[in-house]
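Order-wise, the sequence lines are chains L and Z.
The numbering of the first sequence is the working numbering, which starts it at 218 and goes up by one.
The numbering of the second sequence is the working numbering, which starts it at 7 and goes up by one.
Okay, so here's the structure we're looking at.
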Amino acid sequence: MTITQFFFILFAIITLVSGLRVVTTKTMFHAALYLVICLFGVALLFVLLEAGFLAAVQVIVYIGAIAILIIFAVMLTRGMMEPKGPTLNSQSGLAAVVAAAMLFILIRVLTSFQFQAVTADVPSDNVIQLGQSIVGQFVLPFEVASVLLLAAMIGAIYIARERKKGE
Amino acid sequence: MNPVNDIFIIIANFLRTLLGAGGLHLADWFVELIMAVLRAALLGTFALLIFMILTWIERKVVARIQDRLGPNVAGPWGILLPIADGIKMIVKEDTVPAGADKAVFNLAPLVAAVAAMLVYAVIPFGPDTGHGALAGADLNIGIFYILAVGAVSLIAILMAGWSSNNKYALVGAFRAVAELLSYEVPQVLSITVVVMLAGTMQMTQIVQAQTVPFIFPLFATAIIFFISGVAESGRTPFDLVEAESEIVAGYHIEYSAMKFSMFFLGEFVHAFAVCAVFATVFLNGWEGPILPPYVWFLIKSGAIFFIMMWIRGTLPRFRIDQLMAFNWKFLVPLSLVNLLVVAVADTIVRTMLHFTPDGNPWVWGLILFAVNLVMLFIAFGLLGRGARRGIDDRRTITRLPEDKAAAPASAQAN
């Protein structure tokens with residue numbers, strides 16, 4: 218076992234165990250913290266692949282923005298200091314069916330996919346190539362995504378703004 | 007090799023030979039692992055030492071600004087104060103509030119301190135003279151990494167606020183996260199401008215790209231970065247996170263003894279990290295005549311930290327709505343305009359006037375400096391007009407709606 222394999226297994230275990238704890242823990246706040254650890258584990262896997270930029274993006278976007286948002290939402294829910302609560306609700310059966318179907322699809326796709334081993338070294342500065350391809354080859358999807366986010370933001374501001382009298 | 011300038015490189019090379027081919031014959035990856043652990047330990051110790059020295063210097067400087075003596079009991083000029091403080095913190099009772107979530111409560115100060123120290127991993131203390139840069143790790147995403155680890159400190163604050171089982175702590179945590187998230191926007195936008203001019207995110211290359219210190223061509227950017235950096239580290243005038251008069255002490259109200267001082271440490275270490283990044287990115291990092299690079303680096307960071315102390319000793323605290331309004335209505339628009347203006351001005355100066363940063367660095371730098379000054383003049387003019395209008399608005403709002411309501415008060419005064 219090489220040192221890379223050792224770290225891969227370590228990070229994979231961290232990611233999977235904390236991912237499992239997200240759905241099994243009874244306190245919502247703990248679930249959110251386990252989610253942070255899980256996302257951090259994914260960032261570590263990116264580091265292991267020498268994709269430092271993606272690792273940093275993973276931390277900024279998923280931990281710095283999405284996890285914080287989730288924690289905010291959790292902290293504003295009623296009774297969030299209560300340690301015990303049911304982890305399942307009436308829709309658990311439906312969720313199990315959807316999750317099983319998703320798992321089945323993923324397994325089919327991953328087993329049918331031919332993974333090609335690339336022996337070339339990772340380019341030392343792939344950030345520049347990434348930036349150039351975003352504003353070059355993939356400029357249209359990039360711009361469409363920006364417009365979509367802008368529309369979402371305007372929508373959120375419209376919903377959240379204070380209504381004046383008579384509206 | 008210059009024995010004074012490259013002292014750390016020489017020691018590192020000596021250790022490598024000692025552990026590897028020249029002595030213990032360990033495997034290469036194991037030697038590198040030991041060296042990485044050593045670098046991490048050294049940077050962690052540096053952060054702790056900085057914390058010890060800066061607490062004393064800050065108390066002394068702020069005391070002098072406010073016409074007080076400051077620490078003067080323990081040792082000459084009170085220089086042993088940090089040690090006395092440390093002993094006090096260790097022997098104090100470590101309290102945990104009833105109903106607190108113990109695991110999260112104990113983990114939060116650790117996460118806060120570590121998150122602040124993580125920044126030091128990429129800060130370059132000296133140049134790359136062919137044996138690797140004098141830095142923990144000279145990542146090619148250097149400055150982006152600093153933004154990423156900043157996110158971790160938010161988690162620490164939320165953990166502390168939630169697990170304390172205290173309303174003030176919870177409100178403080180919300181406030182802190184709102185403040186830190188908001189001020190991240192101008193910070194990221196100002197770093198974008200730097201990366202745009204330097205053409206790289208690697209810290210050592212950003213220093214080498216500065217043929218003229220970036221504080222001249224990017225003056226407005228430097229001011230935006232400094233203000234948002236002060237806010238990010240939660241220092242006066244942005245210390246609403248722990249506004250004693252409003253929310254007692256914010257998210258760390260329930261913490262005592264060493265756990266409290268770890269939050270305190272995180273704050274100081276983060277503040278100095280902001281200064282170090284400022285020195286690297288805007289003041290040409292380690293570059294300077296005669297003195298060794300790491301000394302120049304510490305002098306520049308220390309000078310920026312002095313400005314921070316100066317502000318702390320002088321300015322009162324913002325109100326939370328002023329803080330938010332200042333960020334979203336002034337800093338964010340200014341940094342967006344700044345991004346656009348610098349991009350356009352830089353292109354014009356390079357392509358139409360033919361002054362490049364490599365050819366005529368000072369001409370290029372000073373033309374952009376003038377553009378920055380004009381932009382700041384207009385921006386502060388608009389800010390001043392807005393502030394005056396704000397004062398007028400407040401007068402009309404605070405005036406009582408009916409004369410009857412005001413009558414008893416005036417009668418009493420008579």
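Glycine residues also receive a C-beta, built at the ideal position from the N, C-alpha and C atoms.
- Query: Grouping DSSP H, G and I as helix and E and B as strand, with all else coil, what is G365 of chain Z?
  - Reply: coil
### Query
When we look at the beta-carbon of I89 of chain Z and count the other beta-carbons within 10 Å, is it buried (16 or more) or exposed?
exposed
Spatial neighbours of N172 of chain Z within its chain, please: C-beta separation below 7 Å, excluding the five flanking residues on both sides. P103, I259 and E260
| query | chain L beta carbons: is any one of them nearer than 8 Å to that of A413 of chain Z? | reply | Confidence is the limiting factor: at A413 of chain Z the pLDDT is only 48, short of 50, which leaves the residue's position unreliable and the question unanswerable from this model.
Below 8 Å between beta carbons is the criterion; list the residues of the stretch 245-256 of chain L that meet it against any residue of chain Z, in chain order. F246, H247, L250 and V253
Pull out every residue of the stretch 149-168 of chain Z whose Cβ sits closer than 9 Å to any Cβ of chain L, in chain order.
F150, Y151, L153, A154, V155, G156, A157, V158, L160, I161, L164, M165, G167 and W168
Is the Cβ of M358 of chain Z closer than 8 Å to any Cβ of chain L? no
Discussion item. With a threshold of 8 Å between beta carbons, is F330 of chain Z in contact with chain L?
Written reply: Looking at the sequence provided, one finds Met at residue 330 of chain Z rather than Phe. So no, M330 of chain Z is outside the interface.
Best match in L:L250, L:A316 and L:C255 for proximity to I288 of chain L [C-alpha to C-alpha]: L:L250
Checklist entry - Can you name the residues of chain Z whose CB is closer than 9 Å to the CB of M292 of chain L? => result L164, G167, W168, L176, A179 and F180
Practice task
Would you mind giving the Cβ-Cβ distance between F246 of chain L and V291 of chain L, rounded to the nearest angstrom? I have them listed as a contact below 8 Å.
Solution key: 6 Å
So, does the stretch 153-171 of chain Z touch the stretch 106-122 of chain Z, judging by three or more C-beta pairs under 8 Å?
yes
- Task: Using a Cβ cut-off of 8 Å (strictly closer), state whether N333 of chain Z contacts chain L.
- Result: no
Output the boundary residues of the alpha helix (DSSP H) element that contains P192 of chain Z. K173 to A204
Three-state secondary structure (DSSP) at G291 of chain Z?
coil
(message) With DSSP as the reference, identify every bridge partner of L145 of chain Z, one or two as the case may be.
(response) According to DSSP, which records beta bridges pairwise, L145 of chain Z is partnered with nothing at all.
Quick one: Cα of Q331 of chain L to Cα of Q193 of chain Z, how far? 43 Å
- request: Would you verify that the beta carbon of I220 of chain L is, or is not, closer than 8 Å to some beta carbon of chain C?
  value: The structure shown has no chain C; the protein chains it does contain are L and Z.
**Q.** For L140 of chain Z, the residue or residues it bridges with in DSSP
**A.** Z:G132
Practice prompt. Show which residues of chain Z have a CB atom less than 7 Å away from the CB atom of V276 of chain L.
Written response: A154 and A157
| field | Within chain L, partners of I147 of chain Z - CB distance below 9 Å | value | G269, F270, A272, A273 and V344
- Out of Z:V183, Z:F232, Z:Q208 and Z:A215, point me to the one whose CA is closest to S196 of chain Z's CA. Z:F232
* Asked: Name the chain L residues that come within less than 7 Å of M207 of chain Z, Cβ to Cβ?
  -> V344
Which residues in the same chain have their Cβ closer than 8 Å to the Cβ of W316 of chain Z, if we skip the five residues on either side of it in sequence? V67 and I71
Practice problem: Could you name the residues of the same chain whose beta carbon sits closer than 8 Å to that of L153 of chain Z, not counting the 5 residues immediately before and after it, in chain order? | Solution: E190, Q193, V194 and I197
Q. When the Cα atoms are used, what is the spatial distance from L366 of chain L to Y279 of chain L?
A. 16 Å
Interface residues of chain L around V110 of chain Z at Cβ under 8 Å? F246, H247 and L250
* Is there at least one Cβ from chain Z nearer than 8 Å to G281 of chain L's Cβ? -> yes
Practice prompt. Determine whether the Cβ of S416 of chain Z lies closer than 8 Å to any Cβ atom of chain L.
Written response: Residue placement at S416 of chain Z is flagged as unreliable, the pLDDT there being 46, under the threshold of 50; the coordinate-derived value follows with that caveat. No - not a single Cβ of chain L is within 8 Å of the one on S416 of chain Z.
Query raised in the report: Do we get a CB-CB distance below 8 Å when we pair F224 of chain L with the residues of chain Z?
Result: no
Self-check item: CB-CB length for A121 of chain Z against G272 of chain Z, believed under 8 Å
Solution: 7 Å
Would a C-beta distance cut-off of 8 Å place F64 of chain Z and A263 of chain Z closer than the cut-off? Looking at the sequence provided, one finds Glu at residue 64 of chain Z rather than Phe. Result no, Cβ atoms of E64 of chain Z and A263 of chain Z do not sit closer than 8 Å.
Just to confirm, are L145 of chain Z and G310 of chain L a CB contact at a threshold of 8 Å? no
Amino acids of chain Z, ordered along the chain, whose beta-carbon sits closer than 9 Å to that of I285 of chain L: A157, L160, I161, L164, V183 and L187
- Query: Is it buried or exposed for L261 of chain L, if we count other Cβ within 10 angstroms and need 16 for buried?
  - Reply: buried
Practice prompt. Counting only the same chain and skipping the five closest in sequence on each side, list residues whose C-beta sits under 7 Å from that of T206 of chain Z.
Written response: I212 and A215
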